[in-house]
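Protein sequence lines correspond, in order, to chains A and B. Residue numbering for the first sequence is -1 to 111, as defined by the numbering used here. Residue numbering for the second sequence is 311 to 1217, as defined by the numbering used here. By construction, the Cβ of each residue, glycine as well, lies at the ideal position given by its N, Cα and C atoms. Down below is the structure, laid out as structure tokens.
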Amino acid sequence: MTRQAELPPGTLELMILKAVSLGDVHGYGVLLRIEAISKGAILVQQGALYPALYRLEHQGLLTSQWGTSENNRRARFYRLTALGRRQFGEQKASWRRLAEAVAVSLATTPQET
Amino acid sequence: MPRQTGVAGLLARARSLLRALLRRDQIESEIRAEFQHHLDLRAEDLRRRGLDAETAARQARAEFGHQDSHREDARHARGLRLFDQLRFSWLDVKLGLRMVIRHPLLSLAAIFGLAIGIPVGIAPAHVATALEAPLPGDPEHRIRAIRNWDPVATRVQASRFEEFEFYSRELKSFAALAAFRTASFGVASDDGRAAPVAGAEMTSAGFAILRVAPHLGRALGAADGQPGAPEVVVLGYRLWQARFGADPAIVGRTIRVGRAMRTVVGVMPDGFRFPSNEQLWLPMPDEAGNVGRQAAVRIVGRLADGVSAEQAQAELGAIGPPPLAEPTEGRLRLRPEVVSFGLLYLGLPRGGLDTMVEYRLVQTMMLVLLLVACANVAMLVFARTVTRFREMTIRTALGASRSRIVTQVFVETLVLAVVAAGAGVLSIDWVVRHVNLAALVGEAALPYWLSLGVTGRAMVQAVVLAAICATVAGVVPALRITGRAGGRSVRGRPNARFGGLTSALVVGDIAVSVAVVGLAVAMVGKATDLKQDDRAAGIPAGEFLAVELRLPDDGSLATTGPDRERFATRLATAQRGLVAALSNEAGVTGVAIADALPRMDHRSRPFEIEGVERAAGARTRWVSTVQVDVGFLAALGRRVGSGRDFTVADRESDRLVAIVNTAFAEREFGGENPLGRRIGFPTADDDGAPEWHEIVGVVPHLGVNMINPERGAAVYVPAREGRINPMQVAIHAGPLPERLVERLPALVTSIDPSLVMGAPVVLSEARQGDWYLVMAIAGGLVVLVGVLVTLAATGLYAMLSLAVSERTREIGIRSALGAPRPSLVMAVVRRSLVQIGAGALIGLPFAARFVFELGDHSKGQVSPFGSVLSAVGLAGLIVLAIGLVSCLVPTRRVLAIRPSEAMRAES
């Protein structure tokens, strides 16, 4: 198992959008999916997940509806909206550019400056 | 993550917020359900990893974190943060009420301040609304008036009957129009005695427009306005009760109204007194006949269905000016307007009070006063809240946010403000219902349609103002106390100081109180000194008996033609007989007749001076004018200072003359000789050509303005006999003029039984409207002083009381170390005594200045020392009262502190 890392501020929402973009999922499922896709590297504070989900729903990026979960219980399932899908695409590209820039910056040697 | 700024994002947020607000409980329950679902699934996972059920559930809860905190974050994520902060419960209100009981002195002082401040704050808007309110029985405000506005004279000019005929014919915006005019009618009651009754003549549509059902019989209708229709009359409820014993069979009876016998066809219900306080209604023909096309009338109408007042105004402008029989420059410049009935009646500009600078000024002053009250109440709330610092600290430790505590203090202050608003508004309502406010403007009663009682709208305004006051007086101190650095001393307790604001407020309150006391003393002194102030009256008023005599004109003065001449002849005969009869009385040395006597209110008229060009846009100049009988000045024992007195020839001559007073000569001619100059007054038919009067004499002050004689500019013009009605008669009878009071009724009746006599008074008892105004202002100032003194004293008391609590341990130690008791007391009250002293020192020069300025002391007429001493004495009393109220109890507490108890209590 890789070492777990805490999410930098602002990236939880991006991870949630990614998790939900893979298919309709309830809150706990989002948590598991983030753990799975990050191969256990990203640690999400469980209670903080829900305010982030509600914020995304409030912003119109997610929509939700009540359904039945795998254990036959009532659960709220989240789904990306069109606006959320567009926003997710933009944020993903933005994040890649940032990550590459940071990676390039960090890899720079004294001779290259 | 960047926020969505697109329209779709904004719409989504709005939708989400609306749902969160409208279905708050459901969302709260869904959040709980979702959290629980998460915990259950997590516990199942943990159980699958080998933990027992109990441990798994505990660990799931621990991993999840503080649920309440997450729930709050969840609500905020839905945009409810602001609403959470503003949300308050019934418990907060109960706490607020409990605080009122726990701190009765502070609470009462705060309520007292706001109970005066809030009604004062809403009063201007309330009056402005009342003046434009629809007539009773017209909730949809369909009744409007048409009037002529003179943009040059900036006042209303009377409409003419020919205009009414034109508008009735041409205007489609009105379903019906009526003309009316008021007059005094002699009505003979059952016992045969005639007495004047205020009445109105109306064209036939009048009652149909007003739509008020009669109490008995019928109102006037279309048939009554036809030529040759029977002579009928409709009575007012009060007239029917007072003069006809509420006779249920009055309808059909014939009574004498003026010189005609008229059949009573109806009695209107109680409260109906159209157009103002009238009690009698006669038909006016719908077509100009006896009335005359030039007759002055007022026009009222009911808007047609679906037509707004603005559309009616537009049509009025589109049809153009009425084709007048005698178009004059003065008439052609008039602008016809569609206005509320109140504006027609009171002659206010079309926009109402809102468009008047004076109104805006009064409104601003009232709001400043309210703001001062709010600032003082803020100080009291601060003092009250500081005492609860410990409670607030505990609540914060238990998770209450700063905004939650601020909200609670706001609600507690709101409770105070709402109680104060309710008390204040109900008090005003009581005053309006039980005090005759019309007396303040010299009227017997307010117009029947003017209701100054509290309305729902006024209550809403009061509550809104209460909320604003609570925000100012509650939130500001609460923020100060709960602020991180704001109010805490090194020991973690708040400082008992509200920054420099407390000191500024206390000093300001006391300074204003002392200065205002000076102003009130000066005003009351001036007003009450008038009894002996014959200098302003120009005559020894105590030697004159004044009486008003009126001959009911039965409407004939409003007409032209033989009726009017007959009436004038009859009145002239009565006037001559009266002067002759009174002159024969023992001790009577003169009988002066005019339309206004010295010390009474005088009528003002616009005027111009020949040869003096008025600047474009300059305001119309007005002057008090007095119509006098020839011999008026001689009867008063006055002589002209320069020029000559009126002669009998003057009143019959085509060459019109006038005598001006010294105030007018000084104001208009700057000390130059005015004799021979000419003054022009607009004529009755406003044809633009003034009626020129040559100045033939100058007289000293004759009681035109008793408050400021130098500002009482007046012009006296001779009136022909029989033209002054009602006439004011001044009988110069020497000492004890009241001895004539018993003789007068018989004497007047012997001259003309129809003459109606008012209550005779010694002229020195007569009061001008300004006098009542001055006394009302002085009364208001006294109330203001009371509010400020109460608030300042209570605020100081609260602060001192708090300081004693704060410094109990310090006082105990100093006492144990042998500090003398006076120095212990001074250590606590020094600051307050300095504030009181500073306020008094700032206010006293202003008080002295008011006393000097208003008292004419500069002219050496009256010694200033008496008034100054009164003002200083009262100011001293104020300072003493504030000092005693604020310092006495805290001082006793300081003296009662025992060192051992103080140390034990703090440890």
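CB-CB under 7 Å to M676/B, same chain, minus the five flanking residues each way: which ones, in chain order? So the qualifying residues of the chain are V430, G431, A433, P434.
If the criterion is Cβ atoms closer than 8 Å, does the pair V936/B and A906/B meet it? yes
May I have the straight-line CA-CA distance separating V607/B from V785/B, to the nearest angstrom? 57 Å
Is V1027/B near G953/B, with beta carbons less than 8 Å apart? At the C-beta level, V1027/B and G953/B stay beyond 8 Å of one another.
Alpha carbon to alpha carbon, how far is R313/B from V1204/B? Note that R313/B scores a pLDDT of 49, beneath 50, so its modelled location is shaky; the value from the coordinates is reported in the next line. So the alpha carbons of these two residues sit roughly 60 Å apart.
Alpha carbon to alpha carbon, how far is C684/B from G319/B? 42 Å
Please tell me whether Q113/A has its Cβ less than 8 Å away from any Cβ of chain B. There is simply no residue 113/A to check, as chain A begins at -1 and stops at 111 in what is shown.
Residue-chain proximity (G65/A, chain B), Cβ-Cβ < 8 Å: no
State yes or no: is the C-beta of R454/B within less than 8 Å of the C-beta of A628/B? Taking 8 Å as the Cβ cut-off, R454/B and A628/B do not qualify as a contacting pair.
Could you tell me which chain B residues have their CB closer than 8 Å to the CB of L78/A, listed as they occur along the chain? In chain order: nothing, as chain B lies at least about 13 Å away.
A73/A touches chain B at which residues, Cβ-Cβ below 8 Å? E344, H347
Check whether the segment 373 to 386 of chain B touches the segment 340 to 357 of chain B, taking contact to mean three or more Cβ pairs, one atom from each stretch, closer than 8 Å. yes
Endpoints, beta strand (DSSP E) assigned at A493/B: 484 to 498
Please determine, among R1077/B, A925/B, R876/B, the residue with the shortest C-alpha to C-alpha distance to L912/B. In the sequence under discussion, the amino acid at residue 912/B is His, which differs from the Leu named in the question. Comparing Cα positions, the closest option is R1077/B.
Considering only C-alpha positions, which residue in the set L545/B, R553/B, R569/B is nearest to V1302/B? As shown, chain B starts at 311 and ends at 1217. That puts residue 1302/B outside it, with no answer to give.
Put I989/B into one of helix, strand or coil per three-state DSSP. Strand at I989/B.
Ends of the alpha helix (DSSP H) at I791/B? 786 to 792
Quick one: give me the first and last residue of the beta strand (DSSP E) that E853/B is part of. It is not in any beta strand (DSSP E) - E853/B carries neither H nor E in the DSSP assignment.
Three-state class that DSSP yields for I969/B in the structure shown: DSSP, reduced to helix, strand and coil, places I969/B within a strand of the structure shown.
8 Å contact criterion, which F956/B and A904/B should meet: CB distance rounded: Contact flag wrong, Cβ pair sits at about 11 Å.
Starting from the beta carbon of P6/A, find every residue of chain B whose beta carbon is closer than 9 Å, and list them in chain order. Under the 9 Å cutoff, chain B gives no residues; its nearest Cβ is about 11 Å from P6/A.
Exposed or buried, which one is K836/B when buried takes at least 16 other CB atoms within 10 Å? The residue is buried, with at least 16 neighbouring Cβ atoms inside 10 Å.
Give a yes or no on whether 8 Å exceeds the smallest Cβ distance from L331/B to chain A. no
Excluding sequence positions up to five away, which residues of its chain have a Cβ less than 6 Å from the Cβ of G1193/B? These residues qualify, in order along the chain: I1146.
Could you tell me the distance, in whole angstroms, from the CA atom of L530/B to the CA atom of A510/B? 12 Å
In the DSSP output, which residue or residues are listed as bridge partners for M512/B? The bridge partners DSSP lists for M512/B are F490/B, P593/B.
Can you look up F1162/B in the DSSP assignment and give me helix, strand or coil? Correct three-state label for F1162/B: helix.
Is any beta-carbon of chain A found at less than 8 Å from that of L445/B? no
For the beta strand (DSSP E) that H1003/B lies in, which residues bound it at each end? Per DSSP, the unbroken beta strand (DSSP E) holding H1003/B starts and ends at 1001 to 1009.
At a Cβ threshold of 8 Å, is E33/A touching chain B? no
For the candidate residues A1191/B, F1162/B, L1190/B, whose alpha-carbon lies nearest to that of L1221/B? Nothing can be reported for residue 1221/B, as the shown portion of chain B is limited to 311 through 1217.
Secondary structure of H436/B, DSSP reduced to three states: helix
If you follow the beta strand (DSSP E) that S914/B is in, where does it begin and where does it stop? 913 to 919
In or out: E480/B buried (at least 16 other Cβ within 10 Å) or exposed? exposed
When the distance is taken between beta carbons, is R860/B closer than 8 Å to P1036/B? yes
Express the C-alpha separation of W591/B and V1189/B in angstroms, rounding to a whole number. 60 Å
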